[in-house]
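Input: a single structure, listed below in structure tokens.
Number of protein chains: 2
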Amino acid sequence: MPQHLVANFSAYITQHKLFDPTQKVLLAVSGGVDSIVMAHLFKQAGYQVGIAHCNFQLRGEESVRDEQFVQQLAVSLTLPLHTVKFDTQAYVTENRVAIQVAARELRYNWLEQVRAAEGYAYIATAHHMQDSVETALMNFSKGTGIAGLHGILPKQERIIRPLLFTEKDMLVAYASFYNIPFVEDSSNITDKYTRNYFRHHIIPQLQEVFPSAVKNMAATIEKMKEAEILYQEAITKHRKRLLFSKDNTWMVPVLKLQHSVPLQTIAWELFREFGCSPAQTQQVLGLLDSESGRYVETATHRIIRNRQWLLITPTPTLDAPLVVIEASQPNIHFGGGQLHLRQQERGTANIPTAPEVAWLDAKQVSFPLILRRWKQGDYFYPLGMPKKKKLSRFLIDQKLSLPQKENVWVLESAKRIVWVLGMRVDDRAKITPATKEMLCIEFSK
Amino acid sequence: MPQHLVANFSAYITQHKLFDPTQKVLLAVSGGVDSIVMAHLFKQAGYQVGIAHCNFQLRGEESVRDEQFVQQLAVSLTLPLHTVKFDTQAYVTENRVAIQVAARELRYNWLEQVRAAEGYAYIATAHHMQDSVETALMNFSKGTGIAGLHGILPKQERIIRPLLFTEKDMLVAYASFYNIPFVEDSSNITDKYTRNYFRHHIIPQLQEVFPSAVKNMAATIEKMKEAEILYQEAITKHRKRLLFSKDNTWMVPVLKLQHSVPLQTIAWELFREFGCSPAQTQQVLGLLDSESGRYVETATHRIIRNRQWLLITPTPTLDAPLVVIEASQPNIHFGGGQLHLRQQERGTANIPTAPEVAWLDAKQVSFPLILRRWKQGDYFYPLGMPKKKKLSRFLIDQKLSLPQKENVWVLESAKRIVWVLGMRVDDRAKITPATKEMLCIEFSK
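Protein chains in written order, with UniProt numbering: chain H, 1 to 445; chain G, 1 to 445.
Here you go:
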């Protein structure tokens with residue numbers, strides 16, 4: 001019954017602790033039925049929300065029509081509206097990425113900016129049960145581990161998906177029952193071909209033989225989500241049993257590993273942290289039957305057979321690469337992930353607290369910036385602390401594992417660290433009441 | 001390359017320890033390409049095998065043609081042949097089961113008889129990679145837990161599936177390369193509609209978008225098989241943490257269960273052993289917030305909230321049911337599974353050692369037999385022991401868990417236990433050199 005949808009919607013939000021009713025949520029609304037119904041549900045349930053719409057300018061008149069449609073929606077629901085126009089084609093050319101990747105990056109980067117700048121706690125997207133099932137089924141067909149079968153998660157960092165509890169049919173029924181207009185959905189631009197093929201061919205075929213296939217698969221996915229937690233629990237136990245550290249070296253006892261069951265999965269989970277690909281994991285297992293001195297070189301480490309041990313040490317060449325960032329580069333793709341930079345006036349926005357975002361006083365930062373892995377001897381002034389601290393000490397306090405530690409990057413300005421990426425801003429570069437212009441940086445892996 | 005198939009076949013058998021080259025294997029051969037190629041591969045690789053063919057007499061002339069075809073194959077490969085004709089329709093009428101169920105029961109019961117009587121160590125079926133993928137995908141669409149995603153297993157008790165490593169294409173290519181004739185496969189009778197729909201519609205559609213979908217899904221399944229082991233490892237740990245026994249009662253501490261993560265799955269795995277359905281598991285979780293005295297009645301147990309504990313006790317009515325078996329009843333469906341009985345001359349066959357099979361001296365057994373759960377005070381003479389033993393003591397020695405123990409059934413003849421089902425035959429009823437006529441019983445759950 002469409003009338004029950006609001007109650008189920010609120011119950012799902014409460015049950016999964018998606019956000020607190022005192023918090024503001026930014027709704028990503030394309031104008032399609034999913035996101036339009038989501039906006040109505042948020043409004044009906046009485047939450048504090050704003051609407052965000054991206055115009056990718058990829059479909060001419062239609063893009064304009066969608067934007068105007070969402071504008072009217074915001075007026076009729078009396079909700080704040082945030083819109084943006086992207087030159088998506090230019091972004092594609094500039095960054096040499098596929099159009100789907102461009103649209104996704106532009107969309108999420110901008111949504112996060114608006115979220116942080118306008119005081120929203122979360123971004124809500126209108127993914128529903130079938131989207132999640134499609135994702136899991138696509139992963140299944142492409143080949144995946146247990147993590148690939150949990151579908152779309154209801155909450156990941158700053159993004160929430162409060163419609164995952166319901167099927168699309170129900171959203172359409174709701175729109176029709178309350179006579180809510182919508183435009184044809186264009187939000188599927190991100191992975192059009194494969195997903196639409198699953199949506200329009202595979203899933204309906206499954207429904208022919210199992211009419212409640214989507215619900216059934218959603219139940220499967222739900223169980224996989226829990227199974228994955230238990231799986232990780234067991235992996236953690238095996239990791240403790242098999243991985244020892246000494247100075248800057250990790251050690252794995254050959255005999256113990258050899259007798260571990262299930263060997264393939266344990267080895268994969270153990271060595272992937274050290275940059276092992278699936279194929280290299282097989283090579284590492286080959287070391288179990290080889291003589292001392294043989295080794296496998298992964299993306300980040302060297303794994304050496306040494307008598308009854310496998311010794312794992314970071315590849316020395318890793319210290320070499322550093323990335324020089326000029327003021328004109330808004331997007332940086334580097335070994336540790338990607339950065340998005342923009343300059344912005346201070347204004348009245350709250351300073352974001354998410355560790356993957358850094359707002360710096362533009363005056364304290366000077367281009368070119370240097371992006372590099374941290375090294376012994378590094379120090380900085382962690383935000384909120386009046387004195388300098390060795391970075392090695394700081395990382396120990398953060399309780400990072402050795403492999404995680406090796407993958408920490410820092411951003412330098414004039415030979416001073418201004419940001420430990422994803423962890424802490426330098427106190428000397430922070431926003432102060434005197435700040436006029438800001439450099440806002442987002443880091444994603 | 002079809003030429004490599006034999007080598008890969010042998011490697012798969014070795015790697016998965018399917019059987020020892022000194023052991024004889026009974027091949028289930030329908031006459032279709034899969035089983036025909038399997039027979040050729042076994043012969044080529046030099047293993048000791050025999051061929052078994054069932055004629056279900058469901059397709060008139062075609063059934064006769066298939067049987068004759070397999071007869072010729074056995075002659076041309078110089079392999080022993082075992083055939084049987086079933087009155088499948090009569091079995092359907094008599095046992096009131098679906099035709100697929102009838103065919104499966106008849107087939108596996110007979111194969112197991114031949115295996116045990118003729119000294120074969122295992123039965124081999126010709127399931128290949130796609131069969132396994134179909135099974136997992138069907139389970140996914142029907143709704144399943146992690147165990148439903150491992151596909152078909154290479155080895156289960158006395159049945160092995162040595163073709164799971166390869167795709168059907170390769171079997172067809174092998175047959176064509178070596179000019180091996182086959183008939184249209186009719187072995188799919190067991191779950192025709194749904195499986196064929198997946199085979200002919202769903203999988204080819206998946207292959208349109210991911211050409212190696214079958215291989216990819218097989219890889220997914222392989223990972224699920226290992227993930228399941230880790231999952232079970234974690235479940236075992238939680239069971240130890242949450243389940244305490246005292247006399248005939250199990251106890252679960254409410255607070256500890258309440259704080260367990262992931263709660264749904266842990267509760268399901270914990271209480272399913274006590275006869276809980278998924279819906280009842282939800283009711284049991286409801287007890288966590290209820291007052292003392294509330295309870296849930298499962299198929300086999302009562303789960304009662306008692307202050308800070310859930311107490312689990314067997315439902316008393318369980319002792320009541322007993323099944324009377326007359327000489328004319330070859331198939332018994334009862335609460336603990338099913339029995340298949342037949343009389344047979346002693347002959348020279350080896351006495352089977354599988355615990356789910358009992359060969360008894362017909363002279364020592366008199367109808368009607370009584371089938372019932374074991375009770376305190378029961379005793380018998382375990383095969384190979386000269387003196388009687390309390391069954392309660394025997395079950396402790398067998399290291400059964402309490403829920404397992406409660407589900408042990410015994411077969412009585414003239415008030416004497418002649419078989420503890422699935423565990424041990426009574427010494428007084430065993431086959432001796434003097435035995436002429438036997439009562440052969442198979443138990444399946």
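From the three backbone atoms N, C-alpha and C, an ideal C-beta is built for every residue, glycine too.
| Item | Value |
| --- | --- |
| Cross-chain neighbours of H201 of chain G in chain A, by beta carbon under 7 Å | Considering every chain present, this structure includes no chain A. Its protein chains are H and G. |
| T249 of chain H, enclosing alpha helix (DSSP H) - first and last residue | Taken as a continuous stretch (DSSP letters only), T249 of chain H belongs to no alpha helix (DSSP H), being part of the beta strand (DSSP E) at T249 to P253. |
| Sequence-distant residues of the same chain with beta carbon closer than 6 Å to K168 of chain G, five excluded per side | H128 and Q130 |
| Closer than 8 Å to chain H by CB, I13 of chain G | no |
| Boundaries (first-last residue) of the alpha helix (DSSP H) holding F177 of chain H | K168 to F177 |
| Through-space distance from N331 of chain H to L106 of chain H, alpha-carbon basis | 10 Å |
| Closest Cα partner of G148 of chain H within the set G:Q283, G:M217 and G:L369 | G:M217 |
| Backbone CA spacing between H200 of chain H and Q207 of chain H [nearest angstrom] | 11 Å |
| Spatially closest choice to V84 of chain H from H:S30, H:V75, H:A124 and H:S76, by CA coordinates | H:S30 |
| CB contact below 8 Å: I370 of chain G versus chain H | no |
| Terminal residues of the alpha helix (DSSP H) in which P278 of chain H lies | P278 to L287 |
| Min CB distance F165 of chain H to chain G below 8 Å | no |
| Identity of the residues DSSP links to F334 of chain H by a beta bridge | H:G337 |
| Residue burial classification, Y178 of chain G (beta-carbon count within 10 angstroms, cutoff 16) | exposed |
| Nearest neighbour of E222 of chain G, chosen from G:L263, G:G151, G:Q156 and G:L255 [CA to CA] | G:G151 |
| Nearest to A45 of chain H (by Cα), restricted to the options H:K142, H:L77 and H:G384 | H:L77 |
| Cβ of E326 of chain H within 8 Å of any chain G Cβ | no |
| Sub-8 Å separation of Q376 of chain G and S392 of chain G beta-carbons | yes |
| With 16 other Cβ atoms within 10 Å as the buried cut-off, status of R241 of chain G | exposed |
| Inter-residue spacing [alpha-carbon to alpha-carbon] between V408 of chain H and H4 of chain G | 48 Å |
| 8 Å Cβ cutoff met for P262 of chain G and L230 of chain H | yes |
| K142 of chain H vs F42 of chain G beta-carbon contact at 8 Å | no |
| Beta carbon of E326 of chain H nearer than 8 Å to that of F367 of chain H | yes |
| Interface flag, N216 of chain G vs chain H, CB-CB below 8 Å | yes |
| Cutoff 8 Å: P181 of chain H Cβ touching any chain G Cβ | no |
| Chain G contacts made by the stretch 256-283 of chain H, where a contact means CB separation under 7 Å | V261, P262, Q264 and T265 |
| Distance, E442 of chain G Cα to K388 of chain G Cα | 24 Å |
| Exposure of M385 of chain H, with buried meaning 16 or more beta-carbon neighbours within 10 Å | exposed |
| According to DSSP, residues forming a beta bridge with T313 of chain H | H:R302 |
| Proximity below 8 Å, CB of P352 of chain G to CB of M170 of chain G | no |
| Straight-line gap, A435 of chain H to W268 of chain H (C-alpha atoms, nearest Å) | The identity of residue 435 of chain H in the sequence shown is Thr, whereas the question assumes Ala. Distance between the alpha carbons of T435 of chain H and W268 of chain H: 48 Å. |
| Cβ-based contacts, 9 Å cut-off: residues of the stretch 133-167 of chain H near chain G | A136, L137, M138, N139, F140, S141, K142, G143, T144, G145, I146, G148 and L149 |
| Beta-carbon neighbours of K240 of chain H, restricted to chain G and to distances below 7 Å | Chain G residues near K240 of chain H: none, gap ~13 Å exceeds 7 Å. |
| With 16 other Cβ atoms within 10 Å as the buried cut-off, status of V75 of chain G | exposed |
| V284 of chain H versus K215 of chain H: straight-line alpha-carbon distance, rounded | 41 Å |
| When H:P382, H:L421, H:Y379 and H:R416 are compared against G335 of chain H, the one with the closest alpha-carbon | H:L421 |
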